[in-house]
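Student: Our numbering numbers the first residue of the sequence shown as 11 and each following residue consecutively.
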Amino acid sequence: MNRVLLLATGGTIAGCGADSVSVNTYTAGVLAGDDLLDAVPPLRDIADIQVEQVANVDSADLLFQHWRALVQRIRLAFASDPDLTGVVITHGTNTLEETAWLLQLLIDDMRPVVLVGAMRPATALSADGPLNLFQAVQVACNRQARQRGVLAVMDGEIHAAAEVTKRATQGVGAFTSSGAGPLGWVDDAGVTWSAAATRPPTPFATLELPKQWPQVAVLHGCVEPPGVVLPALLKAGIQGLVFTGTGAGQLSVVERDALAAWPEPLPLMLRANRCGSGPVYRNSEDERLGLLAAGSLNPQKARVLLLLAVIAGWNRNDLAALF
Ligand code: ASP
Numbered sequence: 011m012n013r014v015l016l017l018a019t020g021g022t023i024a025g026c027g028a029d030s031v032s033v034n035t036y037t038a039g040v041l042a043g044d045d046l047l048d049a050v051p052p053l054r055d056i057a058d059i060q061v062e063q064v065a066n067v068d069s070a071d072l073l074f075q076h077w078r079a080l081v082q083r084i085r086l087a088f089a090s091d092p093d094l095t096g097v098v099i100t101h102g103t104n105t106l107e108e109t110a111w112l113l114q115l116l117i118d119d120m121r122p123v124v125l126v127g128a129m130r131p132a133t134a135l136s137a138d139g140p141l142n143l144f145q146a147v148q149v150a151c152n153r154q155a156r157q158r159g160v161l162a163v164m165d166g167e168i169h170a171a172a173e174v175t176k177r178a179t180q181g182v183g184a185f186t187s188s189g190a191g192p193l194g195w196v197d198d199a200g201v202t203w204s205a206a207a208t209r210p211p212t213p214f215a216t217l218e219l220p221k222q223w224p225q226v227a228v229l230h231g232c233v234e235p236p237g238v239v240l241p242a243l244l245k246a247g248i249q250g251l252v253f254t255g256t257g258a259g260q261l262s263v264v265e266r267d268a269l270a271a272w273p274e275p276l277p278l279m280l281r282a283n284r285c286g287s288g289p290v291y292r293n294s295e296d297e298r299l300g301l302l303a304a305g306s307l308n309p310q311k312a313r314v315l316l317l318l319a320v321i322a323g324w325n326r327n328d329l330a331a332l333f
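Next up, the structure:
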């Protein structure tokens with residue numbers, strides 16, 4: 011029998027509305043992980059599941075302490091239990107991709123860690139959570155899910171942590187993988203993979219996470235951004251900064267002048283883009299200003315990377331070497 015550790019963190023999958031037609035008005039993170047499991051009896055046929063509640067919040071309210079607890083629990087579970095098949099995490103959809111990417115950077119094990127959420131609360135007509143949860147466990151128990159890193163399962167699609175993103179506020183098919191598309195699909199016929207497994211790197215596999223995390227901000231690019239914001243962040247001693255640049259990660263002259271004029275050492279900085287997909291390439295002029303290109307990472311994932319890089323004490327060269 012497969013053995014799965016189910017870590018519950020809240021979100022809409024554990025959300026409740028006043029009635030069955032309330033699909034937008036509800037409270038996220040109400041039901042416990044055990045309730046989610048009990049709502050899907052066929053799960054008992056495919057795995058022996060141990061449930062632990064790590065948090066029960068809307069995922070916009072997740073804290074670094076929750077991330078730390080998740081990482082510590084998963085590392086311990088894999089290290090102490092060679093017979094554990096995999097880990098499934100129930101999670102709010104709004105920041106699911108950030109947690110998935112965080113875990114990808116920190117958890118070094120060939121066994122799958124699968125994140126799953128829902129776009130409709132548990133009380134809604136046609137709630138998507140129960141089937142999503144069943145399919146996430148199906149994927150976690152699939153032998154070919156090994157060596158693929160952290161995964162997200164939503165609406166029958168399997169996505170890689172590096173690529174997955176929530177691209178719509180409504181609809182059960184709100185998730186997509188920019189670039190190459192989903193890694194695979196899951197349904198009652200089983201799990202189908204679109205390509206052979208390639209284990210993604212885990213650059214922070216041995217990093218211990220502190221209680222206090224650094225301050226890393228994201229600045230959204232736009233026409234003539236207010237000139238006060240960037241100097242204020244630098245003055246406040248921000249330790250990392252992601253620019254959501256226009257186009258392929260382009261900064262405005264207002265921002266570039268503020269960086270050039272800053273008399274102190276600058277924080278670690280990455281340029282991502284606001285287009286939703288596509289790479290940001292290296293540019294020597296930007297590098298002279300201390301700005302590294304985030305490649306195809308979206309701004310919120312670039313921030314996760316910077317958080318860990320600052321915790322690890324990386325300098326600009328260490329970060330550049332990763333890309
Ligand atoms: N507000 C919810 C959350 O991210 C949305 C969801 O789960 O779909 O926790």
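Don't be surprised by glycine CBs; every beta carbon is placed ideally from N, CA and C. Small disclaimer: the values here were computed from a predicted structure and weren't measured.
Below 8 angstroms, is the gap between the Cβ of ASN66 and the nearest heavy atom of ligand 1?
Tutor: Flag unset: Cβ of ASN66 not near ligand 1.
Student: Can you grab the Cα-Cα spacing for the pair GLY200 / GLU234, in whole Å?
Tutor: 51 angstroms
Student: Kindly indicate the opening and closing residues of the beta strand (DSSP E) around HIS169.
Tutor: 167-170
Student: Is it right to say ASP119 is buried, meaning 16 or more other beta carbons lie within 10 angstroms of its own, or is it exposed?
Tutor: buried
Student: With DSSP run on the structure shown, which of helix, strand or coil describes GLY27?
Tutor: strand
Student: Within the stretch 181-221, note down every full beta strand (DSSP E) run reaching 3 residues or more, in order along the chain.
Tutor: 185-187, 194-197, 200-203
Student: To the nearest angstrom, report how far apart THR208 and LEU193 are at their CA atoms.
Tutor: 11 angstroms
Student: Taking a contact to mean a Cβ-Cβ separation below 9 angstroms, would you say LEU302 touches LEU329 in this structure?
Tutor: yes
Student: When the Cα of LYS311 is compared with those of ALA171, LEU244, GLN145, SER262, which residue comes out closest?
Tutor: Comparing C-alpha distances from LYS311 to each of ALA171, LEU244, GLN145, SER262 shows the shortest one belongs to ALA171.
Student: Quick one: measure Cβ to Cβ for TRP77 and THR109, integer angstroms, because I've assumed they're closer than 8 angstroms.
Tutor: 7 angstroms
Student: Quick check for students: name the residue ranges of the alpha helix (DSSP H) that lie wholly in the stretch 105-143, counting only runs of 4 or more.
Tutor: Counting only runs of 4 or more residues that sit fully inside the stretch 105-143, the alpha helix (DSSP H) segments are 106-116, in chain order.
Student: What did DSSP end up calling ASN34 once you bin it into helix, strand or coil?
Tutor: In this structure, ASN34 counts as coil in the three-state DSSP scheme.
Student: Ordered along the chain, which non-local residues of its own chain (more than five positions away) have a Cβ less than 8 angstroms from that of ILE248?
Tutor: GLN225, VAL226, ALA227, PRO277
Student: Looking at the structure shown, is HIS101 part of a helix, part of a strand, or coil, going by DSSP?
Tutor: coil
Student: At what residue ranges does the stretch 34-84 contain a whole run of the beta strand (DSSP E), taking only runs of 3 or more?
Tutor: 57-67
Student: CA-CA distance, PHE333 and ALA137?
Tutor: Approximately 40 angstroms, taken between the alpha carbons.
Student: Identify the continuous alpha helix (DSSP H) that holds LEU278 and give its terminal residues.
Tutor: Segment 278-283 is the beta strand (DSSP E) holding LEU278; no alpha helix (DSSP H) there.
Student: Is LEU106 near ligand 1 - that is, is its Cβ less than 8 angstroms away from at least one heavy atom of it?
Tutor: yes
Student: I think THR100 touches LEU143, with their Cβ atoms under 8 angstroms apart; what is that distance to the nearest whole Å?
Tutor: 7 angstroms
Student: Cβ of LEU46 less than 9 angstroms from any chain C Cβ?
Tutor: Looking for chain C here will not work: only one protein chain is present.
Student: Using a 10 Å radius around the Cβ and a threshold of 16 neighbouring Cβ atoms, would you call LEU113 buried or exposed?
Tutor: buried
Student: Mind checking whether the beta-carbon of GLY6 lies closer than 8 angstroms to any heavy atom of ligand 1?
Tutor: This structure cannot speak to residue 6, because the chain is shown only from 11 to 333.
Student: Here's a check: name, in chain order, each residue in its chain whose Cβ is nearer than 6 angstroms to the Cβ of ASP165, leaving out the five neighbours to either side.
Tutor: VAL182, GLY183
Student: Let me know if LYS176 comes out buried or exposed under the rule of 16 or more other beta-carbons within 10 Å of its beta-carbon.
Tutor: buried
Student: Can you tell me whether DSSP reads THR95 as helix, strand or coil?
Tutor: coil
Student: Is it the case that the Cβ atoms of VAL160 and ALA57 are separated by a distance below 9 angstroms?
Tutor: no
Student: Specify, as a first and last residue, the run of the alpha helix (DSSP H) that LEU244 falls within.
Tutor: Here the alpha helix (DSSP H) through LEU244 covers 239-245.
Student: For ligand 1, I want to know if THR103 counts as a neighbour, meaning its beta carbon is within less than 8 angstroms of at least one of the ligand's heavy atoms.
Tutor: yes
Student: How should SER187 be labelled, buried or exposed, when 16 other C-beta atoms within 10 angstroms of its C-beta is the threshold for buried?
Tutor: In this structure SER187 is buried. Its beta-carbon is surrounded by 16 or more other beta-carbon atoms within 10 angstroms.
Student: Could you round the C-beta distance between ALA282 and PHE253 to whole angstroms and report it? I think they count as a contact, below 8 angstroms.
Tutor: 7 angstroms
Student: Say whether the stretch 13-26 touches the stretch 38-45, bearing in mind that this needs 3 or more beta-carbon pairs closer than 8 angstroms, one atom from each stretch.
Tutor: With a cut-off of 8 angstroms, the stretch 38-45 and the stretch 13-26 count as touching, because enough Cβ pairs lie within range.
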